[in-house]
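Protein chains: 2
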Amino acid sequence: MSKQSRRSFLAKSTALAVAATLPFKNTEAMSKSNSPLVHHVFFWLKNPGSKADQQKLIEGVKTLAKIESIRALHVGIPADTEKRPVVDSSYDVSELIFFDDLAGQSAYQEHPIHKKFAAEYSYLWEKVIVYDSMTVK
Amino acid sequence: MSKQSRRSFLAKSTALAVAATLPFKNTEAMSKSNSPLVHHVFFWLKNPGSKADQQKLIEGVKTLAKIESIRALHVGIPADTEKRPVVDSSYDVSELIFFDDLAGQSAYQEHPIHKKFAAEYSYLWEKVIVYDSMTVK
Numbered sequence: 029m030s031k032q033s034r035r036s037f038l039a040k041s042t043a044l045a046v047a048a049t050l051p052f053k054n055t056e057a058m059s060k061s062n063s064p065l066v067h068h069v070f071f072w073l074k075n076p077g078s079k080a081d082q083q084k085l086i087e088g089v090k091t092l093a094k095i096e097s098i099r100a101l102h103v104g105i106p107a108d109t110e111k112r113p114v115v116d117s118s119y120d121v122s123e124l125i126f127f128d129d130l131a132g133q134s135a136y137q138e139h140p141i142h143k144k145f146a147a148e149y150s151y152l153w154e155k156v157i158v159y160d161s162m163t164v165k
Numbered sequence: 029m030s031k032q033s034r035r036s037f038l039a040k041s042t043a044l045a046v047a048a049t050l051p052f053k054n055t056e057a058m059s060k061s062n063s064p065l066v067h068h069v070f071f072w073l074k075n076p077g078s079k080a081d082q083q084k085l086i087e088g089v090k091t092l093a094k095i096e097s098i099r100a101l102h103v104g105i106p107a108d109t110e111k112r113p114v115v116d117s118s119y120d121v122s123e124l125i126f127f128d129d130l131a132g133q134s135a136y137q138e139h140p141i142h143k144k145f146a147a148e149y150s151y152l153w154e155k156v157i158v159y160d161s162m163t164v165k
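Chains as they are written, first to last, in my numbering: chain A, 29 to 165; chain B, 29 to 165.
#1: If contact means a Cβ-Cβ distance below 8 Å, which residues of the stretch 89-108 of chain A contact chain B?
#2: Label Val-114 (chain B) either buried or exposed according to how many other C-beta atoms from any shown protein chain fall within 10 Å of its C-beta, with 16 as the threshold for buried.
#3: In the DSSP assignment, find the alpha helix (DSSP H) that holds Thr-91 (chain A) and state where it starts and stops.
#4: Based on DSSP bridge pairs, tell me the residues matched to Asp-108 (chain B).
#5: Does the distance from the C-beta atom of Thr-109 (chain A) to that of Asp-128 (chain B) stay below 8 Å?
#6: So, for Trp-72 (chain B): in the same chain, excluding its five sequence neighbours on each side, which residues have a beta-carbon less than 8 Å away from its beta-carbon?
#7: In angstroms with no decimal places, state the Cα-to-Cα distance between Ser-78 (chain B) and Gly-104 (chain B).
#8: I'd like to know whether the C-beta of Ser-78 (chain B) is nearer than 8 Å to at least one C-beta of chain A.
#9: DSSP on Ser-150 (chain A), reduced to helix/strand/coil?
#10: Among B:Lys-111, B:Pro-76, B:Ser-97, which has the Cα closest to the Cα of Glu-138 (chain B)?
#11: Taking 8 Å as the CB-CB limit, is Leu-85 (chain A) close to chain B?
#12: Can you pull the chain D neighbours of Tyr-136 (chain B), defined as C-beta to C-beta under 8 Å?
#13: Looking only at its chain, what residues have a beta carbon closer than 7 Å to the beta carbon of Ile-141 (chain B), apart from the 5 residues adjacent to it on each side?
#14: Does any residue of chain A bring its CB to less than 8 Å from the CB of Lys-60 (chain B)?
#15: Can you tell which of A:Ser-150, A:Arg-99, A:Ala-100, A:Leu-101 has the C-alpha that lies nearest to the C-alpha of Lys-84 (chain A)?
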């Protein structure tokens, strides 16, 4: 086994060991720094005061987790940080996804689970802003 | 050693093993799913066409990595994803940080390294938007 293969083998087997011992999913724990494409979506609800609609949308975003090219998914709501003029806390739900590359993001956009999500949940939101960033080393 | 301690010991020692074998920093690889507070900042340069200013700001954002409460830091630029009306790719640099909690984010805001960053690099940007999200389980 070459030094390179051995390193790769060690990394993979250790990653599996971590997945087995740490109290969170492999996709969440392991892959982010290998997944430089950051896809962050902010949703503004049609009924911004509605906790029920917010909860429904959170559930909807969570259905996306089954899409194979997603390396990590964080569903969020505005955090209770200090109110400053530069902080936009007017959105209702955020969806932060890490992909390995542009192809992973495209596959996600075209995936039946993503299309089902849009078809079933888009009635909830009034506005969406998406930021796609490529991590620089 | 109790089952709980043993699991914790295994997790910690395996995490160290991963940090030693994988080609990225421990903070990047291991801690995100334990760090639910997502702080995402988008910067628009005064000279949006300037690659030099973009590079300078990227270097500036990277200085933040030494702040103790930061669990992961991704510095990014707009990704070359499909141009869609909902995608805002007009910013020049993005800064994505994970914290454990609100206290970690406050400590970051008040940290001398953060204040030095603002003092030394803010002349580069015209506009900033910050989104703080708390991950929901």
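For every residue, glycine included, the Cβ atom is placed at its ideal position computed from N, Cα and C.
On the basis of the data shown:
#1: Per Cβ criterion, the list reads Ala-100, His-102, Val-103, Gly-104, Ile-105, Pro-106, Ala-107, Asp-108.
#2: Val-114 (chain B) is exposed by the Cβ-count criterion.
#3: Element bounds for Thr-91 (chain A): 79-91.
#4: Answer is none; Asp-108 (chain B) lacks a bridge partner.
#5: No Cβ-Cβ contact shorter than 8 Å links Thr-109 (chain A) with Asp-128 (chain B).
#6: Sequence-distant Cβ neighbours of Trp-72 (chain B) in its own chain, meaning closer than 8 Å and more than five residues away, are Ser-118, Tyr-119, Asp-120, Trp-153, Glu-154, Lys-155, Val-156.
#7: Pairing Ser-78 (chain B) with Gly-104 (chain B), the inter-Cα distance amounts to about 16 Å.
#8: Not closer than 8 Å to any Cβ of chain A, the Cβ of Ser-78 (chain B) fails to qualify, so no.
#9: Here Ser-150 (chain A) sits in helix by DSSP.
#10: For Glu-138 (chain B), the closest C-alpha among the options B:Lys-111, B:Pro-76, B:Ser-97 is that of B:Ser-97.
#11: Closer than 8 Å: no.
#12: Absent from the structure: chain D. Protein chains present are A and B.
#13: Hits under 7 Å: Thr-91, Leu-92, Lys-94, Ile-95.
#14: Confidence at Lys-60 (chain B) is low in this model, with a pLDDT of 46, below 50, so the placement of that residue is unreliable and no value is reported for it.
#15: Selected option, being the one with the closest Cα: A:Ser-150.
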